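Here is the structure we will look at, set down as structure tokens.
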Amino acid sequence: MGSLEDRNPHHFNPLDLEEFRTQAYQTIDFIINYYQNIETFPVLSQAQPGFLKSSFPNTPPNKPQPFQTTLQDVQTKLMPGLTHWLSPNFFAYFPSTISTAGFLGEMLCTAFNTVGFNWLASPASTELEILVMDWMAKMLRLPETFMFCGSGGGVLHGTTSEAMLCTLVAARDRALAVDPNRDVNKLVVYGSDQTHSTYAKACKIAGIAPENIRTICTTLGSEFGLEPRLVSEAMEADVAAGLKPIYLCATVGTTSSTAVDPVDGLADVARRFGVWFHVDAAYAGSACICPEAGLITGSLSTDPEYLKNKQSESNSVVDFKDWQVGTGRRFKAIRLWMIFQMYGVANLQSHIRSDIHLAKGFEKMVNSDSRFEIVVPRRFALVCFRLNPPRPKSKPKPVELLNRKLLEWVNSTGRLYMTHSIVGGIYFLRFAVGATLTEDRHVAAAWEVISEGADHVLRDES
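Next comes the structure, spelled out in structure tokens:
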């Protein structure tokens, strides 16, 4: 293209260190002020689609804008469009959490800006990830066969979807390696109607035929857990039909109701049929079954000439590019390491117990009001409940409609935010505790709003 004419006599430095120091302090003050006042904002954004179009010009600025102006735009133009996931009154989905250590680790990750696709590209990045993965395995009391210090290992993925895709690809390739002539369209995978939607998406990307994705129904009788007997029967039928079962996905803490599949029983079925057994514990990860390291790396390994080096070729190091879908990867381990260093295992356990304590408190409030009922037993920090007031047998109860109206009324107040789910044909409300700033008083205040909403919808309905 030739050289570009330099029309700017002044050198532009995108990393002016003194300017960075000043602006970083201003940003930290902005963030702290946000957290100090987060309770005053409506939890659920009231913005309408397209609300930003009139707030900003159609083209990017040609000249730099003052940093204070940029922060002011964040305050006045962007924040009205935020749903405040870190609000102590956020009880929807599974709330996100944050910590000082996580912040500082993220800052260091960005500051070093390494791309640790193999050991040589960033030795500290690779070896710290090996360290924290083994630490985590030891926290979960996994045997050494799951650790780098044994014959296994683990990797920090960007999302649960990516992790599930990696295991599916490994399971597929393992089956094809045993029988290279096997038709990929005869490979079958198994999950339940409560398995996360990322499972179906990963199956499609891995090339599993849609008609070979088995979705096994769960029931209230099994508390929506996947029954090993039904899985075994499905696999037997597929084998008899000339198909090849290759993958079984269990869940510890489903998204809708935190149901827990019977891992031991399902593992027995998987062992009997020789299928890959994956446990999705993205929310309630108190248990974890990791894929065998060699199968994962064999399925995802790439070795272009420009990445070859003597350390990798000696097989004495780990190249995490072979453990994931992408090649490049950030120094994510430093964030996890900072959390372990600054808090220790005991404080992390205490934080989890605190969330469960708050959820138990909310569960007691629900049980104290005869108009409400718990739909499935509380597990972890999620309470599944619904409004179901006593009625004469002669008058049918529009339970789903009542709860839809209740949820709409509660969320419209802006004082808290919840979501719903439907499992086994039952519509219910989800109260998920987990935001870092949530305390007993926020849970109590949320129940007051819910009770007030129940009064409102029942009064209108009568």
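Going by the numbering used here, the sequence shown opens with residue 1422, and the numbers climb by one from there. Glycine is no exception: its CB is placed at the ideal position from the N, C-alpha and C atoms. Since we're looking at a predicted model, the values are computed, not measured.
Quiz item: How would you label HIS1432, buried or exposed, when you count the other beta carbons within 10 angstroms and need 16 or more for buried?
Solution: exposed
Practice problem: Only counting runs of 4 or more residues, tell me where the alpha helix (DSSP H) segments fall wholly within the segment 1441-1496, in order along the chain. | Solution: 1488-1494
Self-check item: Between the CA atoms of PRO1683 and THR1566 - distance to the nearest angstrom
Solution: 22 angstroms
Quiz item: Relative to the C-alpha of TYR1446, which residue among ASN1434, ASP1659 and GLN1489 is closest?
Solution: GLN1489
Exercise. Give every residue of the same chain whose Cβ lies closer than 6 angstroms to the Cβ of THR1675, excluding the five residues on either side of it in the sequence, and list them in chain order.
Key: GLN1615
Quiz prompt | ALA1780 beta carbon less than 8 angstroms from that of VAL1804 | solution = yes
Quiz item: Quick one: what's got a C-beta closer than 7 angstroms to LEU1608's C-beta in the same chain, skipping five residues either side?
Solution: ARG1593, ALA1596, ILE1629, ASN1633, LYS1665 and ILE1667
Quiz prompt | As assigned by DSSP and simplified to three states, the class of ALA1867 | solution = helix
Quiz prompt | Buried/exposed call for GLY1846, threshold 16 Cβ in 10 Å | solution = exposed
Quiz prompt | ARG1917 in three-state terms, based on DSSP | solution = With the chain covering 1422 to 1883 only, the question about residue 1917 has no answer from this structure.
Practice problem: Determine the burial state of PRO1516: buried for a count of at least 16 other Cβ atoms within 10 Å of its Cβ, exposed for fewer. | Solution: buried
Quiz item: Around the C-beta of GLU1869, are 16 or more other C-beta atoms found within 10 angstroms, so that it is buried, or is it exposed?
Solution: exposed
Practice problem: Tell me whether ASP1876 sits in a helix, a strand or coil according to DSSP, three-state version. | Solution: helix
Self-check item: Spatial neighbours of SER1613 in its chain, beta-carbon cut-off 6 angstroms, leaving aside the 5 residues before and after
Solution: ILE1637, THR1639 and LEU1647
Exercise. Sort ASP1861, LEU1828, LEU1808 and ILE1795 by Cα distance to HIS1778 and report the nearest one.
Key: ASP1861
Practice problem: Can you grab the Cα-Cα spacing for the pair ALA1661 / ASN1809, in whole Å? | Solution: 46 angstroms
Self-check item: Whole-angstrom distance between PRO1819 and VAL1878, CA atom to CA atom
Solution: 12 angstroms
Quiz item: Relative to the C-alpha of THR1581, which residue among SER1543, ALA1623 and PRO1564 is closest?
Solution: ALA1623
Quiz prompt | ILE1637, DSSP secondary structure in three states | solution = strand
Quiz prompt | Extent of the continuous beta strand (DSSP E) run through PRO1666 | solution = 1665-1672
Quiz item: Do LEU1850 and ASN1832 have their C-beta atoms within less than 8 angstroms of each other?
Solution: no
Quiz prompt | Which of helix, strand or coil DSSP assigns to VAL1610 | solution = strand
Exercise. Taking only the alpha-carbon atoms, compute the straight-line gap between LEU1769 and ALA1513 and give it to the nearest angstrom.
Key: 22 angstroms
Quiz item: Around the C-beta of ARG1650, are 16 or more other C-beta atoms found within 10 angstroms, so that it is buried, or is it exposed?
Solution: exposed
Quiz item: Nearest-angstrom Cα distance between ALA1542 and CYS1530?
Solution: 15 angstroms
Quiz prompt | Selection from ALA1584, ASP1494 and ILE1760 that minimises the alpha carbon distance to MET1528 | solution = ILE1760
Quiz item: In three-state terms, what does DSSP make of PHE1741?
Solution: Residue placement at PHE1741 cannot be trusted, given a pLDDT of 49 that sits under 50; what the coordinates show is reported in the next sentence. It is helical.
Practice problem: Have a look at ARG1812 and PRO1564 and give me their C-alpha separation to the nearest angstrom. | Solution: 54 angstroms
Quiz item: Are three or more beta carbon pairs between the segment 1459-1474 and the segment 1492-1503 nearer than 8 angstroms?
Solution: yes
Exercise. Could you check the C-alpha separation between ASN1434 and MET1560 for me, to the nearest Å?
Key: 45 angstroms
Quiz prompt | Delimiting residues of the beta strand (DSSP E) encompassing THR1581 | solution = First-last for THR1581: 1581-1599, but that is the alpha helix (DSSP H), not the beta strand (DSSP E).
Quiz item: ALA1856 and LEU1507 look like a contact to me (Cβ under 8 angstroms); what is the Cβ gap, rounded to whole Å?
Solution: 6 angstroms
Quiz item: Would you report the Cα separation of GLU1439 and GLU1550, rounded to the nearest angstrom?
Solution: 32 angstroms
Quiz item: Can you tell me whether ALA1411 is buried or exposed, with buried defined as 16 or more other CB within 10 angstroms of its CB?
Solution: Given that the chain is displayed from residue 1422 to residue 1883, the structure contains no residue 1411 and the question cannot be resolved.
Practice problem: Report yes if the C-beta distance between ALA1655 and TYR1611 is below 8 angstroms; otherwise report no. | Solution: yes
Quiz item: Which residue spans inside the segment 1505-1561 form an unbroken beta strand (DSSP E) run of at least 3?
Solution: none
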